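Data block below; observations after.
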Amino acid sequence: MVHTTKTLGMAAALLGLMAALAGCNHTTETGPSTGSAMPSVAPAGKSLRIAVIPKGTTHEYWKSIHAGAIKAQQELAAKGTAVEILWKGPAREDDRNAQIDVVQTFLSQKVDGIVLAPLDSQALVSPVADAAKQKVPVVIIDSALNSTDYTSFVATDNKKGGLLAGQQLAKVLGGKGKVIMIRYQQGSASTEQREAGFLDAMKAVPGITLVSADQFAGPTVDTAYKSSQNVLSRFGSQTNGIFMPNESSTRGMLLALKDAGLLGKVKFVGFDSSTDLVTALKANQLQGLVVQNPFKMGYLSLLTAVSAVKGEKFEKSIDTGVTLVTPENMNTPEIQTLLNPPIDQYLK
Amino acid sequence: MSTTASPSVPTEPPKRLPPMSASRLLSLFGPFIGLLLVTLLFSIRPDVREHFLTPDNFRIVVTQTVITAIGALGMTLIIISGGIDLSVGSVLALTSVTAAIFLRGHQSPWVALLAAITLGGVVGIVNGSLITALRVTPFIVTLGTLGIARGAAKWLAQDQAVNAPPTWLNNLVATYPEPSWLIVAPGVWLTLILAVVTAVVLRATTLGRRIVAIGSNETASRLSGLRVDFLKIGIYALAGLYFGLAGGLQFGRLGMGDPTGNMGAELDVIAAVVIGGGSLSGGEGSVLGSLLGALIMALLRNGSQQIGWSDYVQDIIIGVVIIVAVALDRLRHRKPAG
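Listed in order, the protein sequences are those of chains A and B.
Those letters in the first sequence? Residues 1 to 348, by this note's numbering.
Those letters in the second sequence? Residues 349 to 686, by this note's numbering.
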């Protein structure tokens, strides 16, 4: 008996809660619509709603993209075009379903344009095709998509980035030695191109042999750390050089090298930058970092998306550039702005 | 409350150690045999063995096992009591982010670690309370808290990895410990001490017998006067403390709190318990088995990568091992009955 009343009480409480929530919905619904009927597409004068969808949100890299987009937003506002940035991505960079959901949700919210960094070159093809059907322009950034439905492609030449990394590693190795590369993860076009570029550079140097290039680091620092430990345990003692293709994998390898007492002894070139990686570069634990320009990527992608929405002219493909940062050149002013993009100025 | 159940109700399962029959020997040594087989598998090729069967590689594998193993100890308690906790991976992320935030706020490492452990316990209390108050199965409740704890971790971390200054916490799970006479990381010793304590609690205390009793026959336990709801909350809370500790160590391992880390860790933890002889229908489970289960899985990943097998081969092998381990376990159980 006691049991039944308890359950009933709980059910009543739940019902009450639901009623309260429904009530809330009701008031917010009637609130804004009392003025005028909301058209589905914002007319001129209203702010344009552009969704910016990164691959993930935890890496510092995406913060720079966000900051760059905000810079573009401020400049556009000064010229009289109000733009609202809707920033949302999956938290983890291998969650394809979550990213597809994000794109579809934005489409059902009738955004005016989308800037998307697809975390899989194939999985995101169909949501982008949906956008094309609904005449919503999509600017692809950072990583390629196996599709022709998008409006513009604003990205780093990743293959060139991998090539630069390979050439730097060959240079610090004096053209000979045994080399490890651990891949990032399956399906990520940008890192696959870096890996391909790196392997091309290695093939061009006859004195270099690859001892391992078919293992994967996985999506987080933790997975990269474990993978690096396992590979180093087998090959560490005979390895002279290492390449890792992105920020989290480079960071995981640094932890594993520290464990194995190989920091600074093995030549190491990584990709992307973060506070930790720059510190490691300074300490000569890294002999090179290939750095993209995410700030510029965010900036140009928003400008391109807005131009496309407004029917103005825009570039179909933009290369935002890659730069090799070494312990020697890292203190030059232009490299410093690359390494320390003005994030705080735009992101609060 | 008296601990001895009334004789008419079979509350207490045959808890006295039965004589060392062949099947009992098998169940005791089963996980050891598994460990041995995995080790042999990767020792066949001499060029792999040379790096695989080394003290250094042993150190790496046991250090990689620590977090899963401590999680598996907590999970063993829950699974023996007939429950399950799917929120482990999220709790690891939540508590590691918490530790990082405390350290970033210039709190002492002790405070950060205690905060992580306490929060783990709090999530456990929430899990246990929801399960007993709402009368919803643990699977569903913890599926819910899996999402809630993950969300809380991302919210606390503002969707960013939380960096914190280096402290002695980082040394807890370093592959090469300081001082070096410890041989393996302090976290490994901590895991072993916790395992001994857990095993003693399970085998030699009233609390342990009650946990087994609830898992074997909950209704009977209730009828014989055990405060089952209260005990359940206690079990989830206790296990939560383990998960919080594992989260603190996860922070130490990376030197940062990653709100997206450890996704799916609950499956590794559950697999470790199951490989070690735990039964998802409750009443059975072994501390030593769970530890070995966790070790077997880390060893499989490590060996596969050294041998150069692809990602997919590793996934398939681990899947096969789980099924084979459980199938063997069922077989052992059928024999004495038939």
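C-beta: ideal position from N, C-alpha, C; glycine also.
These numbers come from a predicted model, not from an experiment.
Within the stretch 440-523 of chain B, the complete alpha helix (DSSP H) segments of 4 residues or longer fall at 457-482 and 486-504, listed in chain order. Judged by DSSP in its simplified three-state form, W87 (chain A) adopts strand. Any Cβ of chain B closer than 7 Å to the Cβ of S143 (chain A) would place that residue at the interface, and such an atom is absent.
T446 (chain B) is outside the set of residues whose beta carbon lies under 7 Å from a beta carbon in chain A. Residue contact with chain B for R194 (chain A): absent (no Cβ-Cβ distance below 7 Å to any residue of chain B). For the stretch 275-302 of chain A, the continuous alpha helix (DSSP H) assignments of 4+ residues that do not extend past its boundaries occur at 275-282, in sequence order. DSSP, reduced to helix, strand and coil, places I581 (chain B) within a helical segment of the structure shown.
Judged by beta-carbon spacing, T239 (chain A) lies within the 7 Å limit of I180 (chain A), meaning their Cβ atoms are closer than that value. From the listed residues A:H59, A:T81, A:A69 and A:A204, the smallest Cα separation to V139 (chain A) is found for A:A69. Contact between V290 (chain A) and L254 (chain A) is ruled out by a C-beta separation of about 15 Å, above the 8 Å threshold. Of the candidates A:F314, A:L232, A:T191 and A:K258, the residue whose Cα lies closest to the Cα of E247 (chain A) is A:T191.
For the stretch 241-273 of chain A, residues whose beta-carbon sits nearer than 8 Å to a beta-carbon of chain B comprise L255, D259, A260 and G261. In this structure, A201 (chain A) keeps its C-beta atom at 7 Å or more from the C-beta atom of S121 (chain A). Going by C-alpha positions, G161 (chain A) is about 15 Å away from Y184 (chain A). Taking R570 (chain B) as the centre and dropping the five residues before and after it, the same chain places the C-beta of V576 closer than 7 Å to its C-beta, in chain order. Counting only residues of its own chain and dropping the five nearest sequence neighbours on each side, A613 (chain B) has a CB closer than 8 Å to the CB of I415, T416, G419, V436, G437 and L440.
If you ignore the 5 residues before and after S249 (chain A), its C-beta comes within less than 7 Å of the C-beta of I182, Y184, A217 and A224, all in its own chain and listed in chain order. V386 (chain B) is positioned such that its CB atom lies closer than 7 Å to that of L648 (chain B).
Taken atom to atom, the span from the alpha-carbon of D272 (chain A) to that of T81 (chain A) is near 33 Å. The stretch 456-465 of chain B makes contact with the stretch 595-605 of chain B, as at least three CB pairs between them are under 8 Å.
Taking all protein chains in view, the Cβ of D395 (chain B) is surrounded by fewer than 16 other Cβ atoms within 10 Å, so the residue is classified as exposed.
Bounds of the alpha helix (DSSP H) holding I655 (chain B) are V635 to I655. Contact residues of the stretch 581-611 of chain B toward chain A are Q598, R601, L602, G603, M604, D606, P607, T608, G609, N610 and M611 (C-beta to C-beta distance below 9 Å).
Contact between the stretch 443-459 of chain B and the stretch 666-675 of chain B is not established, with fewer than three Cβ pairs separated by less than 8 Å.
Judged by DSSP secondary structure, A619 (chain B) falls within the alpha helix (DSSP H) whose first and last residues are A613 to I623.
CA-CA distance, I141 (chain A) to I318 (chain A), rounds to 9 Å. The beta-carbon of H399 (chain B) is placed less than 7 Å from the nearest beta-carbon of chain A. Of all alpha-carbon atoms in B:F487, B:P486 and B:T539, the one lying nearest the alpha-carbon of F591 (chain B) is that of B:T539. Straight across, the Cα-Cα distance linking L107 (chain A) with V125 (chain A) is about 14 Å. When secondary structure is reduced to three states using DSSP, I408 (chain B) falls in the helix class. In the DSSP assignment, T209 (chain A) falls within the beta strand (DSSP E) that extends over I208 to S212. Within a 10 Å sphere around the beta-carbon of K267 (chain A) sit 16 or more other beta-carbons, which makes this residue buried.
Within the stretch 509-536 of chain B, the residues whose Cβ lies closer than 9 Å to any Cβ of chain A are, in chain order, A509, N511, A522, T523 and Y524. Around the beta-carbon of E334 (chain A), fewer than 16 other beta-carbon atoms lie within 10 Å, marking it exposed. Chain-order list of chain A residues neighbouring N565 (chain B): empty, with the shortest C-beta distance near 20 Å, by a criterion of under 8 Å. Across the stretch 400-420 of chain B, CB contacts with chain A closer than 7 Å involve D404, N405, I408 and Q412, in sequence order along the chain.
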